[in-house]
Amino acid sequence: MKVGVIGAMEQEVTLLRDQIDGLQTLSRGGCEIYTGKLDGVDIALLKSGIGKVSAALGTTLLIEHCQPDIVINTGSAGGLDPKLKVGDIVVSEEVRYHDADLTAFGYEPGQMAQCPPAFIADNQLISLAEKCIQSLNLNAVRGLVCSGDAFINGSEPLARIRATFPKVAAVEMEAAAIGHVCHQYKVPFVVVRAISDVADQESHISFDEFLVVAAHESTRMVNAMLTELSKQ
1 MKVGVIGAME QEVTLLRDQI DGLQTLSRGG CEIYTGKLDG VDIALLKSGI
51 GKVSAALGTT LLIEHCQPDI VINTGSAGGL DPKLKVGDIV VSEEVRYHDA
101 DLTAFGYEPG QMAQCPPAFI ADNQLISLAE KCIQSLNLNA VRGLVCSGDA
151 FINGSEPLAR IRATFPKVAA VEMEAAAIGH VCHQYKVPFV VVRAISDVAD
201 QESHISFDEF LVVAAHESTR MVNAMLTELS KQ
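Shown next, in the form of structure tokens:
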């Protein structure tokens, strides 16, 4: 089995990259893909860059060049579920765009033309993530992750997202694009991110302060999932 792991930022991939045996680097289109062995599994680790276009480009390159059997999206997210605090884990049941609006043509909020309303995460990968959460004794929420090309900071965008997507658990800037590409290629995926900030007026301050915490916790989750996958 080959596992694709995707993080947007240097801070979100560096702890994993430093553990890869036989590390090789492929640079394409502004993205970097690191390949080798990690926790007994063949891995292709993508540093995509921030935002939906970068994530879609990188995920396409990852799938075309490395042909992973599954994709795990790691990194940080802003928590909207009231049960989430900094360092907790969010696991995607589905991902949606919060900044796409074709409702004038009869589509659901967040739905792109000729696409499903949401991109559904793989049930087996969700179960695997939940098993690892239990073994690591982490607090976690499973649910909807929404993506858009904006860092959510302040009451107005927060209220809009909550009104449109009442079940949203977390927001970030890449997961829906990754899920979209995986859907097109029929590659199973899951988003497993750690909370760096609880979306509110001071989100940007929390993000800067706690990104390291989120990166550490999300890395622990990926390591645990890879270890379990190596047993299969």
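full-length UniProt numbering puts the first residue of the sequence shown at 1, with every later residue one more than the last. Where a beta carbon is used, it is the ideal one built from N, C-alpha and C, also for glycine.
Burial state of residue i, where buried means 16 or more other Cβ atoms lie within 10 Å
{"i": "GLN105", "result": "The sequence given here places Phe at residue 105; Gln does not occur at that position. PHE105 is exposed by the Cβ-count criterion."}
{"i": "LYS167", "result": "exposed"}
{"i": "GLU32", "result": "buried"}
{"i": "ASP39", "result": "buried"}
{"i": "VAL212", "result": "exposed"}
{"i": "GLY148", "result": "buried"}
{"i": "ASP18", "result": "exposed"}
{"i": "GLY179", "result": "buried"}
{"i": "LYS47", "result": "buried"}
{"i": "SER196", "result": "buried"}
Contacting residues, own chain, Cβ-Cβ under 6 Å from residue i (five flanking each side not counted)
{"i": "GLU217", "result": "GLY87 and ALA194"}
{"i": "VAL145", "result": "SER92, VAL95, ALA170, ALA175 and VAL191"}
{"i": "HIS183", "result": "PHE119"}
{"i": "MET225", "result": "LEU128 and CYS132"}
{"i": "ALA177", "result": "LYS52, ALA55 and ALA56"}
{"i": "TYR185", "result": "ILE63"}
Separation of residue j from residue i, as counted between CA atoms
{"i": "SER135", "j": "ILE72", "result": "18 Å"}
{"i": "GLY58", "j": "GLY75", "result": "15 Å"}
{"i": "GLU172", "j": "ILE20", "result": "26 Å"}
{"i": "ASN139", "j": "VAL13", "result": "22 Å"}
{"i": "LYS52", "j": "ALA8", "result": "10 Å"}
{"i": "GLN24", "j": "GLY36", "result": "7 Å"}
{"i": "LEU80", "j": "GLU209", "result": "18 Å"}
{"i": "GLN11", "j": "ALA215", "result": "7 Å"}
{"i": "SER54", "j": "TYR97", "result": "15 Å"}
{"i": "VAL41", "j": "LYS231", "result": "9 Å"}
{"i": "TYR107", "j": "THR60", "result": "25 Å"}
{"i": "ILE89", "j": "PRO82", "result": "13 Å"}
{"i": "GLY22", "j": "VAL141", "result": "35 Å"}
{"i": "ILE50", "j": "LEU84", "result": "23 Å"}
Beta-carbon contacts of residue i that lie in its chain and below 8 Å, excluding the five residues immediately before and after
{"i": "PRO68", "result": "LYS2, VAL3, GLY4, ALA44, LEU62 and VAL187"}
{"i": "VAL222", "result": "VAL5, LEU16, ILE72, THR74 and VAL192"}
{"i": "GLU228", "result": "LEU128, LYS131 and CYS132"}
Own chain, CB closer than 7 Å to residue i, minus 5 neighbours either side, in chain order
{"i": "ALA150", "result": "ASP99 and PRO157"}
{"i": "ILE205", "result": "Confidence at ILE205 is low in this model, with a pLDDT of 49, below 50, so the placement of that residue should be treated as unreliable; the coordinate-derived value is given next. Closer than 7 Å at Cβ, skipping near neighbours: no residue."}
{"i": "ARG220", "result": "LEU136"}
Supposed close pair residue i, residue j - CB separation, criterion 8 Å
{"i": "THR164", "j": "PRO117", "result": "With 8 Å as the limit, THR164 and PRO117 do not qualify as a contact, their Cβ atoms being about 12 Å apart."}
{"i": "LEU102", "j": "GLN111", "result": "6 Å"}
- Message: If contact is defined by three or more beta carbon pairs under 8 Å, each pair taking one atom from either stretch, is the segment 117 to 124 in contact with the segment 28 to 35?
- Response: no
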